[in-house]
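Have a look at the structure below before the remarks.
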Amino acid sequence: MPSITREEVAHLARLARIELSDEELDHLAPQLDQIIALVGQVSEVAADDIPPTSHALPITNVMREDVNVPCLTPEQALSGAPAAEEQRFRVPRILDEEA
Amino acid sequence: MTAEVFAIEDALAQYDPVLGLEVHVELNTKSKMFCGCPTEFGAPPNTQTCPVCLGLPGALPVVNARAVESAIKIGLALNCEIAEWCRFARKNYFYPDMPKNFQTSQYDEPIAFNGWTEVVVDGETYRIEIERAHMEEDTGKSTHVGGATGRIHGASHSLVDYNRAGIPLIEIVTKTIEVAPDKAAAVARAYVSMLRDLLLALDVSDVRMDQGSLRCDANVSLKPRGSKVLGTRTETKNVNSFRSVERAVTYEITRQAAVLASGGKVLQETRHWHEDTGVTTSGREKSDADDYRYFPEPDLVPVAPSREWVEELRATLPEAPSTRRVRLQEEWGFTDLEMRDVINGNALEPIVKTVELGVSPAAAKKWWLGELARAANESGKDLADLGVGPVDVSNVQQRVDKGELNDKLARQVFDGLLKGEGSIDEIIESRGLALVSDDSALIEAIDRAIAANPDVVEKVNSGKPAAAGALIGAVMKDLRGQGDAAKVRELLNAKLGI
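Going down the list, the sequences are from chains A and B.
The opening position of the first sequence corresponds to residue 607 in my numbering, with each subsequent residue numbered one higher.
The opening position of the second sequence corresponds to residue 621 in my numbering, with each subsequent residue numbered one higher.
Printed below as a string of structure tokens:
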């Protein structure tokens, strides 16, 4: 029983907007399964007294004061955008894929 | 649009509504949730962005301490427990309103949870359970181009302004609300209205519904009377005034009732409220695209508010709304019925502010529940958005107290203010509303009244002083209602020797 099915990989690919052919799914699904199994080894060595963590450093409460710092200019902000219009980021039609 | 809508009475006779409300509050911090960009409303597009809120590679977020403080205050004011340790999470989705392709939010570890609050409707108190209040960031603002009505459907492309992206947002989620069916919509409205007052008192948000700093999504489902099984719910968005909260909930109840009664199924979907037509329309169906693949945000460390900090903040909280209501009623000397009218009319805060300006509670109530409530009702606006505020009421009442206006003229002044005819002085001038309290003008009018009504004078002289009322009436008529009635009586009595 694989830890991730071919259907689940196809679902994830859709969520991530990655188009995969049937051949690619056949190829990638078992690989992902292997990767998950590999990462799963961590839980084999983790005893009950080791809590799960999401961060490498055991620190909390890193905060900043509520003060303003200079922003980018609109020109700088838009400089990396593939397209801009009226000082805004121009993006393709949003509902396209649902049509 | 073939679905029929039930009359609300018919719907409520067969089904019990179950509500859930999600309110988003933009905090009034100077800077964004995770970066130092300003949060001004209405700034030119993309002038308040930086690598962090644009999601540029390598940029690292840092939490705004004041936003956390505000979140804790909101949680405490809603009687929530405050997490000893909680994390942010990435909510992944593809939509260009967030340049990162995820929104930094909180998932299963909200900063505040398990709270409750109370609202009053028609003199009855309803307890509303709070599921959670969590921290997140607002999204950018999209403008859809090329469609017929500026809507996303039919648009050729969209333009995005990221000024709003990253502004601190608190999402407050209720548990399911089940109250008497005929009260459900009013309770929903009262809840959002109460939240606004609470957030204002906490000074954590501008709570301007018209500017989107307070936004409400209403979840509505129906279950057949007596059933324990919850029905399929819809989530109505874009409900942006107290009045539309009530209208949108009522509409969804009647719409779903009609669907169910005709044997149909309510779809689980997002619906959009249209203020102008008073209906909701189908947005997108909830689907697997809503699989947000939440995971803990690796670029932020956990937030662990110390108990000392939490208690410090608890000590700064303003009086609880229910305690405050009781206190104000006592101070103002209002009856239960009067207080109920004030609360139902959303006039509590305006009256508080008006009284603070030195106006008597009775006079403040008279104007807010009389002229102004009527105007709000007629124009379909909330009392707070009329454009006439406590300062205006105080200025008009001061003129009444000084004898420059009477109530009748004051009503005309309010009418002028509501119609935007200028300042109070300009309206008095242009409408000719000044009260005649000049002795000589009044005495002339009194003399005319006495000359014209010899029979009344006769009655008074023969020992019936009450008959003098007719003369006062005549004088006031002569002065087109603009006489100072107290002064007229005084002068007339002197003249008649009574």
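Positions of the beta carbon are idealized from the N, C-alpha and C atoms, including for glycine.
query	result
Which partner residues of V1056(B) appear in the DSSP bridge assignment?	G1103(B)
Can you tell me where the beta strand (DSSP E) holding G735(B) begins and where it ends?	732-741
By DSSP, does F862(B) sit in helix, in strand, or in coil?	helix
Kindly say whether T611(A), judged by its beta-carbon, lies nearer than 8 Å to any beta-carbon of chain B.	no
Please give the ranges of any beta strand (DSSP E) in the stretch 757-831 of chain B, keeping only runs that are unbroken, at least 3 residues long and fully inside the region.	761-765, 777-781, 788-794
Can a CB atom of chain A be found closer than 8 Å to the CB of S778(B)?	yes
Work out the CA separation of M669(A) and V879(B) for me, nearest whole Å.	50 Å
Sort R994(B), T874(B), T870(B) by Cα distance to A808(B) and report the nearest one.	T870(B)
Check the Cβ-Cβ distances between Q668(B) and every residue of chain A, and say whether any is below 8 Å.	yes
Quick one: list the residues of chain B neighbouring I665(A), beta-carbon separation under 7 Å, in chain order.	V921
CB of E681(A) to nearest heavy atom of the ligand NAD: below 7 Å?	Looking at this structure, you won't find the ligand NAD or any other ligand, since it has none at all.
Should T943(B) be labelled buried (16 or more other beta-carbon atoms within 10 Å of its own) or exposed?	exposed
Is the shortest distance between the beta-carbon of N684(B) and the beta-carbons of chain A less than 8 Å?	yes
Based on Cα-Cα distance, which residue from E751(B), R784(B), E756(B), M755(B) lies nearest to S762(B)?	R784(B)
Along chain B, in chain order, which residues have C-beta atoms closer than 7 Å to that of D655(A)?	Residues of chain B passing the Cβ test: none, with the nearest at roughly 18 Å.
With respect to the beta strand (DSSP E) encompassing V638(B), which residues constitute its N-terminal and C-terminal limits?	635-646
By a C-beta neighbour count over all protein chains shown, 10 Å radius and 16 as the cutoff for buried, is V645(A) buried or exposed?	exposed
What residue range does the beta strand (DSSP E) around A838(B) cover?	834-844
Give the DSSP-derived three-state secondary structure of W893(B) in the structure shown.	strand
CB S690(B) to CB F708(B), shorter than 8 Å?	no
Can you tell me whether DSSP reads R1068(B) as helix, strand or coil?	helix
So, at 7 Å on beta carbons, what are the nonlocal neighbours of T794(B) in its own chain, with the 5 sequence-adjacent residues on each side left out?	G640, L641, I748, E749, I750, E751
Should L977(B) and P1010(B) be called a contact, given that it needs their Cβ atoms to be closer than 8 Å?	yes
For A983(B), which residues from the same chain have a beta carbon less than 7 Å from its beta carbon, with the 5 sequence-adjacent residues on both sides left out?	Q1017
Taking only runs that begin and end inside the stretch 677-709 of chain B, name each unbroken alpha helix (DSSP H) of 4 or more residues, in chain order.	685-697
Distance, Cα to Cα, L678(A) vs S685(A)?	10 Å
Check the C-beta distance from L638(A) over to V673(A) and give it rounded, since I have them as a contact under 8 Å.	Not confirmed; about 45 Å, so no contact.
With a threshold of 8 Å between beta carbons, is D628(A) in contact with chain B?	no
For S651(B), go through chain A and note every residue whose CB falls closer than 9 Å to its CB, in chain order.	R670, E671, D672, V673, N674, V675
Determine whether the beta carbon atoms of R710(B) and F915(B) lie at a separation below 8 Å.	yes
Would you identify the three-state DSSP class for M669(A), choosing helix, strand or coil?	strand
State the Cα-Cα distance for the pair S602(B) and E931(B), rounded to the nearest angstrom.	Not covered by the structure: residue 602(B). The range shown for chain B is 621 to 1118.
Out of V972(B), G965(B), V1095(B), point me to the one whose CA is closest to L1003(B)'s CA.	G965(B)
Only counting the same chain, and skipping five residues up and downstream in sequence, which positions put a Cβ closer than 6 Å to that of N858(B)?	H892, W893
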